[in-house]
Each structure stands twice: as C-alpha cells, then as structure tokens.
Amino acid sequence: MVRIWLGDHLIAEYVAEPDRASRYQRVMTPKFTGLRITVDNAAGPGSASELPRSEQLWPLTVQ
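For the sequence shown, position 15 (counting from the first letter as 1) is numbered 15 according to the UniProt record's numbering, and the numbering increases by one without interruption.
Structure (structure tokens):
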C-alpha cells in the first residue's frame, strides 16, 4: 500500500507490488518534498487504486 500525505491529510492511496512501491517512494519523495509518501504492507479498505503505470511522472521511477 502506497499512501501520499499532505501534512496529516491522506491525498492518494495506491496498491502496488513491494518493489514498485519502494521505487516510487524513493524517486518521488525528493521531487515532492512537501508530500510524505509511505509504504505499508497492510491492505487498505478496498478503495485504493493500482499505482499508475502510464502517468507522466511514473517513467521517472523506472531505473
């Protein structure tokens, strides 16, 4: 589970494989310093979307 926070407010929640979630967090955190990106093993309540694959920012995380 990848969660994106603005302060104490959850603004996005995604489901991803552990490797992809970690890569996303590692690359996006320095680019968006105002946001906190967390990766947890816990499954969400079912409202989470799959981590974006084709958004403009996603190719930055493929290394």
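Glycine included, each C-beta is placed from N, C-alpha and C at the ideal position.
Treat the numbers as computed from the prediction; the structure is a model and nothing was measured.
Count the other CB atoms, across all protein chains shown, that sit within 10 Å of the CB of I11; report buried if there are 16 or more and exposed otherwise. Translated into the one-based positions of the sequence shown, residue 11 becomes position 11. Label assigned to I11: exposed.
Whether Y14 touches R3 by CB criterion (9 Å): Walking along the sequence shown from the start, residue 14 turns up at place 14. Walking along the sequence shown from the start, residue 3 turns up at place 3. At a Cβ-Cβ threshold of 9 Å, Y14 and R3 count as neighbours.
Between the CA atoms of A16 and H9 - distance to the nearest angstrom: By 1-based counting over the sequence shown, the position of residue 9 is 9. By 1-based counting over the sequence shown, the position of residue 16 is 16. Looking at the two C-alpha atoms, the distance is approximately 21 Å.
How long is the line joining the alpha carbons of E50 and M1, rounded to whole angstroms? Taking the first residue of the sequence shown as 1, we reach residue 50 at position 50. Taking the first residue of the sequence shown as 1, we reach residue 1 at position 1. C-alpha separation (whole angstroms): 9 Å.
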